[in-house]
Amino acid sequence: MKNMLAERTVGIKPSGIRKFFDLVSEMDDPDVISLGVGEPDFDTPWHIREEGIYSLERGRTFYTSNSGLKDLRNEICNYLKRMYQVEYNPDTEVMVTVGGSEAIDIGLRAVLNPGDEVIIPQPSYVSYEPCTILAGGKPVILELQEKNEFRLTKEELLAAITPKTKVLILPFPNNPTGSVLRREDLEDIAEVCIEKDILVMSDEIYSELTYGAKHVTIASLPGMRERTILINGFSKAYAMTGWRLGYTCAPHVILEQMLKIHQFAIMCAPTTSQYAAVSALKNGDKDVEEMRISYNQRRRFLVHTFRKMGLKCFEPFGAFYVFPSIKELGMTSDEFAMELLNREKVAVVPGTAFGDCGEGFLRISYAYSLDELKHATDRIARFVAEIRKEKGLI
Amino acid sequence: MSELKEKILAIMEKNSKVSVEDLAVLLGDTEDNVSRAIYEMEQDKIICGYHTLINWNKVNNEKVIAMIEVRVTPQRGQGFDRIAERIYNFSEVNSVYLISGGFDLMVMLEGKTLQEVAMFVSDKLSPLDSVLSTATHFVLKKYKEHGTIFVSQSPRERMLITP
Chain A
11 MKNMLAERTV GIKPSGIRKF FDLVSEMDDP DVISLGVGEP DFDTPWHIRE
61 EGIYSLERGR TFYTSNSGLK DLRNEICNYL KRMYQVEYNP DTEVMVTVGG
111 SEAIDIGLRA VLNPGDEVII PQPSYVSYEP CTILAGGKPV ILELQEKNEF
161 RLTKEELLAA ITPKTKVLIL PFPNNPTGSV LRREDLEDIA EVCIEKDILV
211 MSDEIYSELT YGAKHVTIAS LPGMRERTIL INGFSKAYAM TGWRLGYTCA
261 PHVILEQMLK IHQFAIMCAP TTSQYAAVSA LKNGDKDVEE MRISYNQRRR
311 FLVHTFRKMG LKCFEPFGAF YVFPSIKELG MTSDEFAMEL LNREKVAVVP
361 GTAFGDCGEG FLRISYAYSL DELKHATDRI ARFVAEIRKE KGLI
Chain B
31 MSELKEKILA IMEKNSKVSV EDLAVLLGDT EDNVSRAIYE MEQDKIICGY
81 HTLINWNKVN NEKVIAMIEV RVTPQRGQGF DRIAERIYNF SEVNSVYLIS
131 GGFDLMVMLE GKTLQEVAMF VSDKLSPLDS VLSTATHFVL KKYKEHGTIF
181 VSQSPRERML ITP
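Chains as they are written, first to last, in the numbering used here: chain A, 11 to 404; chain B, 31 to 193.
If you want it as structure tokens, here you go:
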């Protein structure tokens, strides 16, 4: 067949993470320590798993309604009101999805017309750009600055807006930088979005993992709820990545279009996971608090350790990543990560996997025990010292 | 108690080997403050010791652990404290708890053999004036202690690199 493949899909670059994953897998060396994982190291709390098991025992193995279990949607709304002071109607404005990732995809497909521009701040999670392209939109990359600690500023946003701008992606707390937006940052951004009539897709999957001020959702600011697609989920907060469960809230006009795509493409999110998630929201606060305390300690440890190595590392206040700079070593992120893997058998993800402006940085995950982090950072320190010596940088 | 002390305790309860330097980094405080807090808690007997959690099953060292339910008559003016003291002073006894419900004191002790434990109960514990009755249970297997699971668990199967 001559034209077997869709040009649009073929044109999409494979994920930069994939390349590195293949490399590490090929090594197949038990001595390799990885700090490259984007998921919690904790097991899903037992009461949540137990609820999933119970639902299976009871034979709850059928589809749920397209938008998800009523109980779960109610709990999601209670949670959002209790935690972030934003109210949604559980019957018309909430939908349970297969991870936050599905919500990103169908949200963009629901609102984009051909040629509509989507502003994507980078470094950020890998799927916004391809999902925009697949939805027929045009990605406009906005490069966040280290000097702003990778926060999005009003000026940067204004400079990226054109008459065709339709959506702003707001990926905070951020993977891979760990950066968070404060209320005053959000107020500035909200003002621009309202004035320029732009929709916001706010990916708040790491909202529970902040270590300074509590997370603020942009949807809770005046005038923003009606133009925001809020995305959140259970993967990071409750260590439930494999359950594939997220949710999205949006004004009914948008949500009903998203629901249509979800209904035809997915039908419904996994039933077992939905029952388990009810227990997560009802009884999981304590688990989240314990994990947050642990992450916070590891975060301090890593920032301290990288600074001790003499590397520049701004203090991140969200997610579970630190984003140290290796620019002064005169290597690209890719070179550094490859050499580190070859010499010291530590796997980290080059910042460039999250956008070109991640050049000169590494994403170091702290979803590892303190012992593992110590072990790995000892090796990194040794490697950095060696490189300095070789390059005459001391 | 200060917030710092509570945070130190939460970490040390799980890892008594943690250094002052590490504690300072983990909690974002100074080494001086941390070591002062630890010193004060040692003085106040909030921190009562630094023991090691050992899975004796893995050591060729047979030990018998018994949990003994003890029913006693409380004494006027002293409640249970007097009789508890007489029991906990035996060096064989590891721990003593006052319990609500069907009996009064839970006494835990370790011996080398069943015989040794049984002799302790019949020679020392039962003859005490206030002791009404005892029921001795021997531990067959420890699954979990101090929040640590002793039985072997399957290794994690996380992928090495994920976005």
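Built from N, CA and C at the ideal position, the CB exists for glycine as well. Computed from a prediction, not measured in an experiment: that's the story for all the values here.
Simplified DSSP assignment, three categories, for residue i
i	result
Ile303 of chain A	helix
Asp53 of chain A	coil
Met319 of chain A	coil
Leu15 of chain A	coil
Arg106 of chain B	coil
Thr220 of chain A	strand
Cys278 of chain A	coil
Ala247 of chain A	coil
Ser343 of chain A	helix
Gly405 of chain A	Since the first residue shown for chain A is 11 and the last is 404, residue 405 of chain A is missing from the structure and cannot be characterised.
His272 of chain A	helix
His176 of chain B	coil
Ala194 of chain B	Past the edges of chain B, shown from 31 to 193, lies residue 194 of chain B, and the structure says nothing about it.
Leu56 of chain B	helix
Gly46 of chain A	strand
Ile179 of chain A	strand
Ile58 of chain A	helix
Met189 of chain B	coil
Gly26 of chain A	helix
Ser32 of chain B	coil
Ile404 of chain A	coil
Val210 of chain A	strand
Ile38 of chain B	helix
Separation of residue j from residue i, as counted between CA atoms
i	j	result
Ser335 of chain A	Gln73 of chain B	44 Å
Ala120 of chain A	Met11 of chain A	32 Å
Arg68 of chain A	Thr282 of chain A	11 Å
Arg389 of chain A	Leu383 of chain A	10 Å
Tyr89 of chain A	Leu154 of chain A	31 Å
Phe364 of chain A	Glu396 of chain A	27 Å
Arg254 of chain A	Pro280 of chain A	8 Å
Arg186 of chain B	Trp56 of chain A	16 Å
Thr19 of chain A	Thr142 of chain A	12 Å
Leu162 of chain B	Asp134 of chain B	10 Å
Gly109 of chain B	Phe120 of chain B	20 Å
Lys315 of chain A	Asp32 of chain A	Note on residue identity: the sequence assigns Thr, not Lys, to residue 315 of chain A. The alpha-carbon atoms of Thr315 of chain A and Asp32 of chain A are separated by roughly 28 Å.
Val333 of chain A	Gln273 of chain A	The sequence shown places Phe at residue 333 of chain A, not Val. Going by the C-alpha atoms only, they are around 38 Å apart.
Glu49 of chain A	Tyr138 of chain A	18 Å
Val151 of chain B	Met71 of chain B	36 Å
Ile253 of chain B	Gly78 of chain A	Nothing about residue 253 of chain B can be reported from this structure: the residues present for chain B run from 31 to 193 only.
Glu61 of chain A	Glu338 of chain A	51 Å
Ile215 of chain A	Pro183 of chain A	8 Å
Leu219 of chain A	Phe244 of chain A	12 Å
Tyr80 of chain B	Met31 of chain B	20 Å
Arg193 of chain A	Leu178 of chain A	17 Å
Ala329 of chain A	Tyr305 of chain A	9 Å
Whole-angstrom C-beta distance between residue j and residue i, which should lie under 8 Å
i	j	result
Met51 of chain A	Tyr331 of chain A	The question names Met, yet the displayed sequence has Asp at residue 51 of chain A. Not a contact, Cβ separation roughly 13 Å.
Thr342 of chain A	Gly26 of chain A	The pair is not a contact, with the Cβ atoms about 12 Å apart (cut-off 8 Å).
Leu34 of chain B	Leu56 of chain B	With a Cβ gap of about 12 Å, Leu34 of chain B and Leu56 of chain B do not count as contacting.
Asn124 of chain B	Met138 of chain B	5 Å
Val359 of chain A	Phe30 of chain A	6 Å
Leu122 of chain A	Ala145 of chain A	5 Å
Under 8 Å from the C-beta of residue i: neighbouring residues of chain B
i	result
Ala357 of chain A	Leu190, Ile191
Tyr135 of chain A	Pro193
Ser25 of chain A	Pro193
Neighbour list for residue i in chain A, Cβ cutoff strictly below 7 Å
i	result
Leu56 of chain B	Gln307, Arg310, Phe311
Contacts of residue i in chain B (Cβ-Cβ under 7 Å)
i	result
Val34 of chain A	Leu190, Ile191
Ser44 of chain A	Leu190, Ile191
Gly48 of chain A	Thr192, Pro193
His314 of chain A	Val55
Residues that residue i contacts on chain B, provided the C-beta gap is smaller than 9 Å
i	result
Phe30 of chain A	Ile191
Check: residue i C-beta below 8 Å from any heavy atom of the ligand MN
i	result
Ala148 of chain B	Here there are no bound small molecules, and the ligand MN is not part of this structure.
Report the residue ranges of all beta strand (DSSP E) runs contained in full by the segment 125–169 of chain A; include only those spanning at least 3 residues, in chain order. Assignment of beta strand (DSSP E) within the segment 125–169 of chain A, counting only whole runs of 3 or more residues, yields 127–132, 148–153 in chain order.
Could you name each continuous beta strand (DSSP E) segment of 3 residues or more that falls completely within the segment 349–382 of chain A, going from the start of the chain to the end? Complete beta strand (DSSP E) runs here, min 3: 372–375.
Residue ranges of each alpha helix (DSSP H) run of no fewer than 4 residues wholly in the segment 64–149 of chain B, ordered along the chain? With a minimum length of 4 residues, the continuous alpha helix (DSSP H) runs that stay inside the segment 64–149 of chain B are 111–118.
Which full runs of the beta strand (DSSP E) of 3+ residues lie inside the segment 74–125 of chain A, going along the chain? Correct list: 104–107.
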